[in-house]
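In our numbering, the protein residues as written are 1 to 279.
Beta carbons are placed, not taken as given, at the ideal position from N, Cα and C, and that holds for glycine.
Given the structure is predicted, the values throughout are model-derived calculations rather than measurements.
Take a look at the structure below.
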């Protein structure tokens with residue numbers, strides 16, 4: 001039996017909207033990716049992933065992106081946030097040590113209370129339980145050790161906490177407590193963590209962001225590695241979608257334009273995705 005994996009990458013609120021736009025547009029054209037055997041979610045993708053893995057209607061989730069973003073906390077992912085992370089660039093280039101330095105900065109940074117942030121994530125998710133119909137993996141990084149972990153239904157971590165951890169942008173949102181440890185955004189390790197789909201024969205990667213922090217962590221490098229053993233389609237925002245994203249991917253007001261841009265882009269990637277998924 002051919003096994004299929006859907007990888008959903010990080011990219012803020014605009015990434016969430018864009019991915020639902022692409023998924024709903026593909027479904028409207030007759031290509032439904034909800035039959036994935038594995039769904040990998042990183043940051044924004046960890047928000048989209050549970051709904052896909054539970055089999056929720058992509059059209060309904062797309063329409064939800066167009067509604068006013070009530071309950072969201074505005075934030076800016078810009079030069080100031082990047083400057084706070086600058087000290088992490090100095091030191092050993094070993095990936096785990098780099099991630100630990102990022103985690104230490106995140107732990108020292110004053111942001112909103114952790115409970116408040118988890119409540120926002122809970123409101124954002126239409127499902128709060130781990131799915132049974134597909135394997136869902138949620139990427140996160142230990143804020144103290146820099147260790148990478150993929151939470152799943154066997155991890156003992158509640159889904160909302162796992163998603164909040166994967167979405168804990170360092171220096172912007174607080175690290176999240178789960179399984180007795182503090183966790184930060186899985187995108188610190190990779191914007192897609194597509195290597196979690198190793199061993200699957202057909203893989204579709206939706207990557208709102210392509211670039212990572214370290215060598216080999218970017219979407220294109222990981223996809224190239226997967227392609228040595230699998231058929232893979234990599235979809236990233238086109239020019240119109242990037243324009244819709246604007247300069248701040250955490251701006252709730254940009255979510256709806258990003259979703260519409262994803263919906264419009266779906267037609268141009270349909271054939272490439274279908275060739276991998278169903279060809």
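By how many angstroms is the C-alpha of residue j removed from the C-alpha of residue i?
{"i": "residue 197", "j": "residue 165", "result": "20 Å"}
{"i": "residue 163", "j": "residue 30", "result": "29 Å"}
{"i": "residue 146", "j": "residue 122", "result": "25 Å"}
{"i": "residue 6", "j": "residue 265", "result": "18 Å"}
{"i": "residue 4", "j": "residue 143", "result": "31 Å"}
{"i": "residue 70", "j": "residue 278", "result": "38 Å"}
{"i": "residue 239", "j": "residue 180", "result": "42 Å"}
{"i": "residue 110", "j": "residue 102", "result": "14 Å"}
{"i": "residue 95", "j": "residue 189", "result": "8 Å"}
{"i": "residue 269", "j": "residue 108", "result": "42 Å"}
{"i": "residue 274", "j": "residue 201", "result": "14 Å"}
{"i": "residue 124", "j": "residue 56", "result": "14 Å"}
{"i": "residue 100", "j": "residue 177", "result": "16 Å"}
From which residue to which residue does the alpha helix (DSSP H) around residue i run?
{"i": "residue 258", "result": "255-277"}
{"i": "residue 123", "result": "114-124"}
Thinking C-alpha only, which one of the options is nearest residue i?
{"i": "residue 154", "options": "243, 129, 169, 27", "result": "129"}
{"i": "residue 34", "options": "186, 274, 58", "result": "58"}
{"i": "residue 173", "options": "116, 32, 19", "result": "116"}
{"i": "residue 42", "options": "202, 15, 229, 234", "result": "15"}
{"i": "residue 194", "options": "170, 232, 48", "result": "232"}
{"i": "residue 68", "options": "160, 271, 178, 251", "result": "251"}
{"i": "residue 75", "options": "248, 184, 8", "result": "248"}
Leaving out five residues on either side along the sequence, give the residues of the same chain with a beta carbon under 7 Å from the beta carbon of residue i.
{"i": "residue 263", "result": "21, 24, 25, 62"}
Identify the continuous beta strand (DSSP E) that holds residue i and give its terminal residues.
{"i": "residue 205", "result": "202-206"}
{"i": "residue 233", "result": "231-235"}
Are residue i and residue j closer than 8 Å when you measure CB to CB?
{"i": "residue 191", "j": "residue 18", "result": "no"}
{"i": "residue 219", "j": "residue 131", "result": "no"}
{"i": "residue 161", "j": "residue 118", "result": "yes"}
Once the 5 residues before and after residue i are set aside, which same chain residues still bring their CB inside 6 Å of it?
{"i": "residue 150", "result": "137, 139, 196"}
{"i": "residue 207", "result": "9, 192, 219, 236"}
{"i": "residue 135", "result": "38"}
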